[in-house]
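Q: One structure coming up, written as structure tokens, with questions to follow.
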Amino acid sequence: MPVHNKEIADILNEVADYLEIKGKNEYRINSYRNAARTILGLSESISKMAEDEKDIQSLSDIGESMAKKIAEIARTGKLKQLEKLKKQFPGSLRDIMKLEQLGPQRTKILYEELNIESVEELKKAATEGKIKKLEGFGEKTTQNILKEIKQFSYKGGSQRFKLHEAEEIIQPMLRYLEKEIDDITIAGSYRRMKETVGDIDLVGAGKDAQKAMEHFVKYDEVQDVLSHGESRSSVRLRAGLQVDIRLVKKKSLGAAKLYFTGSKVHTVALRKMAKENNYKVNEYGIYKGKKRLAGKTEKEMYEKLGLQYIKPELRENMGEIEAAQKDKLPGLLKLKNIKGDLHTHTHATDGKNSLKEMAEAAREKGYSYFAVTEHSKKVSMAGGLDEKELEKQIREIDELNKKMKNFKIIKGIEVDILEDGTLDLPDDILKELDLVICAIHYNMKLSKKKQTRRILKAMENPYFNILAHPTGRMINKRSGYDMDMDEVMKEAADHGCYLEINSNPDRIDLNDKHIRKAREKGVKLAISTDAHSIGNLEYIKYGVAQARRGWLGKDDIINTRSWKDLKELLKR
DNA sequence: GCCGTTTTCGGCCCGACTGTTTTCAGTCG
14 MPVHNKEIAD
24 ILNEVADYLE
34 IKGKNEYRIN
44 SYRNAARTIL
54 GLSESISKMA
64 EDEKDIQSLS
74 DIGESMAKKI
84 AEIARTGKLK
94 QLEKLKKQFP
104 GSLRDIMKLE
114 QLGPQRTKIL
124 YEELNIESVE
134 ELKKAATEGK
144 IKKLEGFGEK
154 TTQNILKEIK
164 QFSYKGGSQR
174 FKLHEAEEII
184 QPMLRYLEKE
194 IDDITIAGSY
204 RRMKETVGDI
214 DLVGAGKDAQ
224 KAMEHFVKYD
234 EVQDVLSHGE
244 SRSSVRLRAG
254 LQVDIRLVKK
264 KSLGAAKLYF
274 TGSKVHTVAL
284 RKMAKENNYK
294 VNEYGIYKGK
304 KRLAGKTEKE
314 MYEKLGLQYI
324 KPELRENMGE
334 IEAAQKDKLP
344 GLLKLKNIKG
354 DLHTHTHATD
364 GKNSLKEMAE
374 AAREKGYSYF
384 AVTEHSKKVS
394 MAGGLDEKEL
404 EKQIREIDEL
414 NKKMKNFKII
424 KGIEVDILED
434 GTLDLPDDIL
444 KELDLVICAI
454 HYNMKLSKKK
464 QTRRILKAME
474 NPYFNILAHP
484 TGRMINKRSG
494 YDMDMDEVMK
504 EAADHGCYLE
514 INSNPDRIDL
524 NDKHIRKARE
534 KGVKLAISTD
544 AHSIGNLEYI
554 KYGVAQARRG
564 WLGKDDIINT
574 RSWKDLKELL
584 KR
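Once you know that position 144 of the first sequence is 157 in the numbering used here, the rest is easy, because the numbers rise by one and skip nothing.
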């Protein structure tokens with residue numbers, strides 16, 4: 014059972030935390046964090062790579078010493094170095110360090126001076142007035158610590174927000190801010206369209222910075238003002254979401270956007286590159302000596318660095334800078350390239366709208382087709398269809414199709430893949446359909462081997478077209494079923510099957526890393542919403558965004574084709 | 001601890017805000 018990438022990255026980050034408390038060389042500490050980040054970005058299992066004696070040292074930020082540590086973790090699931098560190102620092106000092114405003118230095122002081130080992134003990138000491146007597150701490154810091162502890166226990170640690178959750182909170186705030194701030198844009202991981210965001214970063218140009226900042230901290234959903242300066246402020250909203258804003262002059266807007274959009278590793282890589290050419294990059298522009306060369310737009314920033322413009326979704330330092338240097342960035346998929354949705358439900362099962370309502374909404378979105386794909390009978394909870402009910406829907410669609418001009422309702426099903434890998438409905442009804450998407454809803458806990466075999470077996474069915482929500486994960490709720498993604502992708506390519514990017518923001522399944530892997534393996538994908546209502550059809554933008562994060566273009570997606578061409582692709 | 005088109009040592013991105021200080025350390029992004 015290979016150790017997962019996340020487990021290895023966690024161990025390395027934990028080592029870094031302890032080394033920080035010990036006050037070791039910051040660059041040495043960073044190397045653990047950099048290696049962890051590299052590992053998290055891989056689509057392959059690094060412990061498997063290590064087992065197969067692949068050259069993991071050729072990966073960026075992993076050298077001789079780190080490779081040995083990774084091999085040790087892969088072999089034993091543990092790292093002796095970390096076990097030793099844990100003995101030196103008992104309790105849960107790492108939890109203390111996770112609190113806002115408390116870094117390694119202060120954590121160390123708290124531990125050494127007051128023997129504080131947990132958030133509980135910290136709370137007690139703060140309440141008893143012991144903290145403010147320490148050097149470098151005061152009354153204000155004590156109050157901030159207590160506030161943070163309250164926030165921490167309320168949120169149960171730091172939960173990240175899903176894209177649609179963040180959107181719902183930030184859009185009204187943006188309308189409010191626009192009254193006093195010019196050219197305001199959302200930057201950060203939200204602009205890069207990461208599937209979840211930790212906070213929201215805003216960049217704008219203020220007419221009157223002081224007044225603009227006053228306006229910002231006075232927004233009526235602000236619960237705490239964390240900092241309030243002339244060019245930078247930070248608040249926490251009632252919903253628990255932190256919002257940071259940065260104001261600059263108009264001539265620096267591009268530089269500020271670039272800097273605040275990140276990712277951090279992307280901007281650091283750019284700055285390093287600039288430095289090698291004797292330039293300096295900061296949030297105000299690009300400088301050579303005192304001379305300012307660019308800064309108004311992101312485009313001119315990249316140009317001055319000798320790079321193609323890099324779209325936000327690609328800014329993860331995963332090869333995009335090298336590609337931009339060689340003018341080899343991919344042309345990315347656009348929302349308008351999508352010609353139709355291939356996974357939707359109606360009130361025939363657990364959807365909220367009728368077939369007619371869904372079809373009309375899809376046509377109004379500008380689609381030329383959309384597929385109805387109800388659950389099959391096994392999914393009784395959702396009222397899945399049996400053969401007879403499906404036949405009835407097929408006739409209903411035929412009738413409706415006669416009436417709708419320049420639009421096609423595709424007859425489909427989301428048929429369940431049973432535990433033995435057979436499908437929940439017989440072939441003689443599946444062959445009546447235009448599209449068969451297949452999914453797992455039960456027996457998610459099978460062993461990796463069994464789960465993989467189950468899916469591969471299902472793909473042998475000649476009517477299998479698309480594997481829906483391939484990993485079954487739910488963001489912040491459950492991880493997907495254990496299965497061998499490499500095998501599944503290989504089989505899909507061999508059998509003329511496709512994988513879905515499920516755009517539901519609770520799922521985002523496949524995720525960006527899997528999508529990138531699919532691109533490398535030449536597997537084509539479908540982007541669908543799994544809509545259960547008219548409103549859900551809008552989710553398509555999240556799927557498109559993830560496809561862009563996975564470097565995909567129009568040709569990599571099957572539902573950018575006309576129905577005529579798509580029909581050909583679905584033939585096996 | 002990593003890395004190399006000034007290579008095996010000596011660098012490692014850059015700036016704002018806060019609180020506790022009289023000039024700055026700690027933290028954050």
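Beta carbons: idealized from backbone N, C-alpha and C, even for Gly.
How should Y322 be labelled, buried or exposed, when 16 other C-beta atoms within 10 angstroms of its C-beta is the threshold for buried?
A: It is exposed - the Cβ of Y322 has fewer than 16 other Cβ atoms within 10 Å.
Q: I need the straight-line Cα distance from T359 to K365, nearest angstrom please.
A: Those two C-alpha atoms are separated by around 6 Å.
Q: Helix, strand or coil, according to DSSP, for Y511 in the structure here?
A: Note: Y511 maps to strand in three-state DSSP.
Q: Considering only the alpha carbon of each residue, which of I24, K67, T140 lies closest to Q156?
A: Here the closest residue by C-alpha is T140.
Q: According to DSSP, simplified to helix, strand and coil, what is G169?
A: In this predicted model, G169 has a pLDDT of only 47, less than 50, meaning its place in the structure is not dependable enough to derive any value.
Q: Cα separation between K9 and Y380?
A: Not covered by the structure: residue 9. The range shown for the chain is 14 to 585.
Q: Here's the rule: buried if 16 or more other CB atoms are within 10 angstroms of the residue's CB, otherwise exposed. What is D233?
A: The residue is exposed, with fewer than 16 neighbouring Cβ atoms inside 10 Å.
Q: Using DSSP's beta-bridge definition, name the partner residues of I479.
A: Beta-bridge pairing links I479 to I450, Y511.
Q: Hey, is the stretch 342 to 352 in contact with the stretch 391 to 411, meaning 3+ C-beta pairs nearer than 8 Å?
A: No: fewer than three Cβ pairs fall under 8 Å.
Q: Cβ atoms of L254 and I194: under 8 Å apart, would you say?
A: Contact flag unset, no.
Q: Quick one: using the 10 Å Cβ neighbour count with 16 as the cut-off for buried, is A179 buried or exposed?
A: Buried is the call here.
Q: Would you report the Cα separation of Q172 and G275, rounded to the nearest angstrom?
A: Spanning the two alpha carbons is a distance of roughly 20 Å.
Q: Residue range of the alpha helix (DSSP H) that F383 falls in?
A: That residue, F383, is in no alpha helix (DSSP H); its beta strand (DSSP E) goes 382 to 388.
Q: Check whether the Cβ atoms of E644 and P483 sit closer than 8 Å, and answer yes or no.
A: In this structure the chain extends from 14 to 585, so residue 644 is not present and cannot be described.
Q: Give the single residue among V132, S131, L159 whose Cα lies nearest to the Cα of E142.
A: Looking at the sequence provided, one finds Gly at residue 142 rather than Glu. The shortest Cα separation from G142 among V132, S131, L159 belongs to L159.
Q: In the structure shown, what three-state DSSP assignment does N295 receive?
A: Strand at N295.
Q: Would you check if the distance between the CB atom of D429 and the CB atom of S460 is smaller than 8 Å?
A: No; because the gap between Cβ atoms is not below 8 Å, this pair is not in contact.
Q: Which residues in the same chain as V16 place their Cβ atom closer than 7 Å to its Cβ, once the five residues preceding and following it in sequence are excluded?
A: Only S60, I86, A87, G90 meet the Cβ criterion.
Q: Please report the distance separating the alpha-carbon of P343 from that of A531.
A: Roughly 15 Å between the two C-alpha positions.
Q: Between which two residues does the alpha helix (DSSP H) containing D429 stretch?
A: Element bounds for D429: not the alpha helix (DSSP H) but the beta strand (DSSP E), 421 to 429.
Q: What do you get for I258, buried or exposed, if any count of 16 or more other CB atoms within 10 angstroms of its CB means buried?
A: So I258 counts as buried.
Q: On the premise that S265 lies in contact with E296, defined as a C-beta separation below 8 Å, what is that separation, rounded to the nearest angstrom?
A: Yes, E296 and S265 are in contact; Cβ-Cβ is about 7 Å, under 8 Å.
Q: State the Cα-Cα distance for the pair M226 and V256, rounded to the nearest angstrom.
A: Those two C-alpha atoms are separated by around 13 Å.
Q: Can you tell me whether G242 is buried or exposed, with buried defined as 16 or more other CB within 10 angstroms of its CB?
A: When all chains shown are included, G242 counts as exposed.
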